[in-house]
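Q: Sharing a structure with you now.
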Amino acid sequence: MLTILIFLAVLSVLVIFHEFGHFLMARFFGVKAEEFGLGFPPRAIGFVRDGGRWKRVKKGDAQSYPSTIWSLNWLPLGGFVRLKGEQNTDNHENDSFASKSAWARAWILVAGVLMNWLLAILIFTIGFSVGVPTDLNGLPEGATVKDRHIEITQVVEGSPAAKAGMLPGDHVTRIGSVGIDTSEAARTELSKQSKVGESLTIQVKRDEQMLELVTQPAFIESIQRAGLGIGLADVGTVRLPVYRAIPQAVVTTYTFTKLILSGFWDMLRDLVVSQKTSTELSGPVGIAVMTGKVAKQGVWALAQFAAILSINLAVVNLLPIPALDGGRLVFVFIEVLRRKRRSLVWEARLHQIGFLLLISLIILVTAKDLRTYGAPVWQGIKQFVGL
231 MLTILIFLAV LSVLVIFHEF GHFLMARFFG VKAEEFGLGF PPRAIGFVRD GGRWKRVKKG
291 DAQSYPSTIW SLNWLPLGGF VRLKGEQNTD NHENDSFASK SAWARAWILV AGVLMNWLLA
351 ILIFTIGFSV GVPTDLNGLP EGATVKDRHI EITQVVEGSP AAKAGMLPGD HVTRIGSVGI
411 DTSEAARTEL SKQSKVGESL TIQVKRDEQM LELVTQPAFI ESIQRAGLGI GLADVGTVRL
471 PVYRAIPQAV VTTYTFTKLI LSGFWDMLRD LVVSQKTSTE LSGPVGIAVM TGKVAKQGVW
531 ALAQFAAILS INLAVVNLLP IPALDGGRLV FVFIEVLRRK RRSLVWEARL HQIGFLLLIS
591 LIILVTAKDL RTYGAPVWQG IKQFVGL
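Every position in the sequence shown, counted from 1, becomes a number in the numbering used here once 230 is added.
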């Protein structure tokens, strides 16, 4: 149940920031926002400022008001902004989206994506300013570090380390009888003391508890010698002054954007060349499961995951697919190049087709996720509804 609530909260924040970007830019260009909603219809409650007073909007009321309706809706899956003339392409009143210039419409369309990038930069800036656990390799200038330790970053499935009960996030403090203070020293000591068939005791710190884990080193193909099957890194809580945290946050956001774009390119290439979809592609169910796992690692891990999801939402929305912001931008740019108004009717039909294709893709990916995570998802749903 908690996983579902956390996922819905994260999704709502990301989508609302995205839609608020559209809202702000629309107001800047004089486009009326008819409704800004938290969640999706049916509407639970709504308010509108009319004649200098706040007025409650009745359920199902389709009346046009002079200002924006602020609504709370029953489906907690993000939010939306409804702009005047965005769907009714024949509406060319002065405060209509359809009446604005191509460049104004382009800015309104791209504003949601920009807001998602800004949200990611904000989250990373706060994290770097307050102090976040991170790899100490290649520290930025001006960083201060505390709580240095050697952390297990990876445990290979079925490895001696996994069989001994080691977990990612454990802090290694001693190998055999030798205390260690760097990951390089730990690797050297493991190389010396790891022998096939002989026991090796590793001391780790987990949740403020010291544990003695007895391992049986085995021959590891990748390193061609005895080992435990773990990854190690020097980790500490890194803090940056605000004036350095902001550019570092921008760089981090840019880096994740490149990685996500690269992932989409690889997925498209695999689809064209081998006609297979990536097994790593996840839909809402898979993301919800990942959100629950990340939340267990702490507040910062969840915030960082939210920032990455925000970047992912920005990249996805920029894809030139009808119904997405990127697809709508393509039509605007075609209009600029042709120097004449496009057929709004045909554009609306293409967006409808694109929307149906996106829904179909979401259903297919969700079906794959249910095959992968079916049992825990069903258990979470039963807890959520009180079964």
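No residue lacks a Cβ here, since even glycine has one placed at the ideal position from N, Cα and C.
Only a predicted model underlies this, so the values are computations on that prediction, with no experimental measurement involved.
#1: Please list the terminal residues of the continuous alpha helix (DSSP H) segment that includes ASP555.
#2: Sort out for me which residues DSSP pairs THR364 with in a bridge.
#3: Shortest alpha-carbon distance to ALA416 belongs to which of HIS379, ALA448 and PRO390?
#4: Which word fits GLU298, buried or exposed, when buried means at least 16 other C-beta atoms lie within 10 angstroms of its C-beta?
#5: Measure the C-alpha to C-alpha separation of LYS435 and THR403 and round it to an integer number of angstroms.
#6: Would you grab the beta carbon distance between ARG469 and GLY361 for me? Rounded to a whole angstrom, and I think it's under 8 Å.
#7: For VAL524, which residues in the same chain have their Cβ closer than 7 Å to its Cβ, ignoring the five residues on either side in sequence?
#8: Is DSSP giving GLU419 helix, strand or coil here?
#9: Taking buried to mean at least 16 other C-beta atoms within 10 Å of its own C-beta, is ILE410 buried or exposed?
#10: Could you compute how far the alpha carbon of GLY461 sits from the alpha carbon of GLY251?
#11: Within this structure, are the beta carbons of LEU548 and VAL343 separated by less than 8 Å?
#12: Out of curiosity, what's the CA-to-CA distance linking PHE358 and MET520?
#13: Assign ILE450 to one of three DSSP states: helix, strand, or coil.
#14: For the candidate residues PHE277, LEU241, THR374 and LEU458, whose alpha-carbon lies nearest to that of SER424?
#15: PHE270 by DSSP, collapsed to three states: which one?
#16: Considering Cα atoms alone, identify which of SER326, GLY269, GLY427 and ALA256 is closest to TRP304.
#17: Leaving out five residues on either side along the sequence, give the residues of the same chain with a beta carbon under 6 Å from the beta carbon of LEU554.
#18: Return yes when the Cβ of GLU265 is within less than 8 Å of the Cβ of GLY309, no when it is not.
#19: ASN542 to GLY372, Cα distance in whole Å?
#20: Taking just the CA atoms, how far does THR482 sit from LEU339?
#21: Who does PHE310 pair with in a DSSP beta bridge?
#22: Who pairs with SER301 in a beta bridge, going by DSSP?
#23: Look at the alpha carbon of THR383 and the alpha carbon of VAL529, and state the distance between them as a whole number of angstroms.
#24: Where do the ends of the alpha helix (DSSP H) carrying LYS393 lie?
#25: How close, in whole Å, do the beta carbons of PHE259 and ALA336 come, if the pair is a contact with beta carbons under 8 Å?
#26: Just how far apart, CA to CA, sit PRO398 and GLU381?
#27: Once the 5 residues before and after ILE236 are set aside, which same chain residues still bring their CB inside 8 Å of it?
#28: In whole angstroms, give me the CA-to-CA distance for LEU443 and LYS393.
#29: Just mark PRO296 as buried or exposed, buried being the case when its beta carbon has 16 or more other beta carbons within 10 Å.
#30: If you run the structure through DSSP and keep just helix, strand and coil, what is VAL261?
#31: Any idea if TRP347 is buried or exposed, counting beta-carbon neighbours within 10 angstroms, 16 or more meaning buried?
#32: Closer than 7 Å by C-beta to ILE351: which residues in its own chain qualify, once you throw out the five before and the five after it? Chain order, please.
#33: Thinking just about the alpha-carbon of each residue, which of GLY282, ASP464 and LYS314 is nearest to the one in LEU366?
#34: Opposite ARG286 in the DSSP bridges: which residues?
#35: In terms of DSSP beta bridges, what is GLU381 paired with?
#36: Check each candidate in PHE561, ILE551 and LEU567 and name the one with the smallest Cα separation from ILE589.
A: Taking the definition as stated:
#1: For this step, residue 555 is matched to residue 325 along the sequence shown. Unbroken alpha helix (DSSP H) run through ASP555: 555-568.
#2: On the sequence shown, residue 364 is found 134 positions in, with the first residue counted as 1. DSSP output for THR364 lists GLY466 as bridge partner(s).
#3: Position 186 of the sequence shown, counted from the start, is the residue given in the question as residue 416. The shortest Cα separation from ALA416 among HIS379, ALA448 and PRO390 belongs to HIS379.
#4: For the purposes of this step, residue 298 is taken as residue 68 along the sequence shown, with counting starting at 1. According to the sequence provided, residue 298 is Thr. The question's Glu does not apply to it. Counting Cβ neighbours within 10 Å, THR298 comes out buried, since at least 16 surround it.
#5: Taking the first residue of the sequence shown as position 1, residue 435 is located at position 205. Taking the first residue of the sequence shown as position 1, residue 403 is located at position 173. Cα to Cα, the separation comes out at about 7 Å.
#6: For the purposes of this step, residue 469 is taken as the residue at position 239 of the sequence shown. For the purposes of this step, residue 361 is taken as the residue at position 131 of the sequence shown. Indeed they touch by this definition, with Cβ atoms about 4 Å apart.
#7: For the purposes of this step, residue 524 is identified with residue 294 of the sequence shown, where counting begins at 1. For VAL524, where only same-chain residues beyond five positions count, the Cβ hits under 7 Å are ALA531, LEU532 and PHE535.
#8: Start at 1 with the first residue of the sequence shown, and residue 419 comes out as number 189. In this structure, GLU419 counts as helix in the three-state DSSP scheme.
#9: As a position in the sequence shown, residue 410 is number 180, starting the count at 1. Burial call: buried.
#10: Taking the sequence shown and counting its residues from 1, the one referred to as residue 461 is at position 231. Taking the sequence shown and counting its residues from 1, the one referred to as residue 251 is at position 21. Roughly 41 Å between the two C-alpha positions.
#11: On the sequence shown, position 318 is the one that residue 548 refers to. On the sequence shown, position 113 is the one that residue 343 refers to. Yes, they are a contact pair.
#12: Residue numbering aside, residue 358 sits at position 128 when the sequence shown is read from its first letter. Residue numbering aside, residue 520 sits at position 290 when the sequence shown is read from its first letter. Straight-line Cα distance between these residues: approximately 23 Å.
#13: Numbered from its first residue, the sequence shown carries residue 450 at position 220. Correct three-state label for ILE450: strand.
#14: As a first step, residue 424 is located in the sequence shown; it is residue number 194 there, counting from the start. Nearest of PHE277, LEU241, THR374 and LEU458 to SER424, Cα basis: LEU458.
#15: For the purposes of this step, residue 270 is taken as residue 40 along the sequence shown, with counting starting at 1. In this structure, PHE270 counts as strand in the three-state DSSP scheme.
#16: Translated into the one-based positions of the sequence shown, residue 304 becomes position 74. For the residues SER326, GLY269, GLY427 and ALA256, the minimum Cα distance to TRP304 belongs to GLY269.
#17: For the purposes of this step, residue 554 is taken as the residue at position 324 of the sequence shown. Cβ neighbours of LEU554 beyond the five flanking positions: ASN547.
#18: Locating residue 309 in the sequence shown gives position 79, counting from the first residue. Locating residue 265 in the sequence shown gives position 35, counting from the first residue. Taking 8 Å as the Cβ cut-off, GLY309 and GLU265 do not qualify as a contacting pair.
#19: Indexing the sequence shown from 1 puts residue 542 at position 312. Indexing the sequence shown from 1 puts residue 372 at position 142. Using only the alpha carbons, I get a separation of about 29 Å.
#20: If you number the sequence shown from 1, residue 339 lands on position 109. If you number the sequence shown from 1, residue 482 lands on position 252. Each residue's Cα considered, the two are about 24 Å apart.
#21: Counting from one through the sequence shown, the residue named residue 310 turns up at place 80. According to DSSP, PHE310 bridges with GLY267.
#22: Looking up residue 301 in the sequence shown gives position 71. Answer by DSSP bridge pairing, in chain order: GLY267 and GLY276.
#23: Stepping through the sequence shown from its first residue, residue 383 is reached at position 153. Stepping through the sequence shown from its first residue, residue 529 is reached at position 299. Distance between the alpha carbons of THR383 and VAL529 is about 18 Å.
#24: Counted from its first residue, the sequence shown places residue 393 at position 163. Residues 390-394.
#25: Residue mapping note: residue 259 aligns to position 29 of the sequence shown, counting from 1. Residue mapping note: residue 336 aligns to position 106 of the sequence shown, counting from 1. Not confirmed; about 10 Å, so no contact.
#26: Here the question's residue 398 lines up with position 168 in the sequence shown. Here the question's residue 381 lines up with position 151 in the sequence shown. Rounded to the nearest whole angstrom, the CA to CA distance from PRO398 to GLU381 is 8 Å.
#27: One-based indexing of the sequence shown puts residue 236 at position 6. These residues qualify, in order along the chain: THR521, GLY522, ALA525 and LEU532.
#28: Within the sequence shown, numbered from 1, the residue matching residue 443 stands at position 213. Within the sequence shown, numbered from 1, the residue matching residue 393 stands at position 163. If you take the alpha carbons of LEU443 and LYS393, they lie about 10 Å apart.
#29: Here residue 296 is taken as the residue at index 66 of the sequence shown, counted from 1. So PRO296 ends up on the exposed side.
#30: Counting from one through the sequence shown, the residue named residue 261 turns up at place 31. Residue state, collapsed to three classes: coil.
#31: Looking up residue 347 in the sequence shown gives position 117. Buried: at least 16 other Cβ atoms inside 10 Å.
#32: The residue given as residue 351 occupies position 121 in the sequence shown. Excluding residues within five positions, the ones whose Cβ falls inside 7 Å are ALA479, VAL480 and THR483.
#33: The residue given as residue 366 occupies position 136 in the sequence shown. When each option's Cα is compared against that of LEU366, the closest is ASP464.
#34: Position 56 of the sequence shown, counted from the first residue, corresponds to residue 286. BP columns for ARG286 point to PHE277.
#35: On the sequence shown, position 151 is the one that residue 381 refers to. HIS401 and ALA463.
#36: Your numbering for residue 589 matches position 359 in the sequence shown. Nearest of PHE561, ILE551 and LEU567 to ILE589, Cα basis: ILE551.
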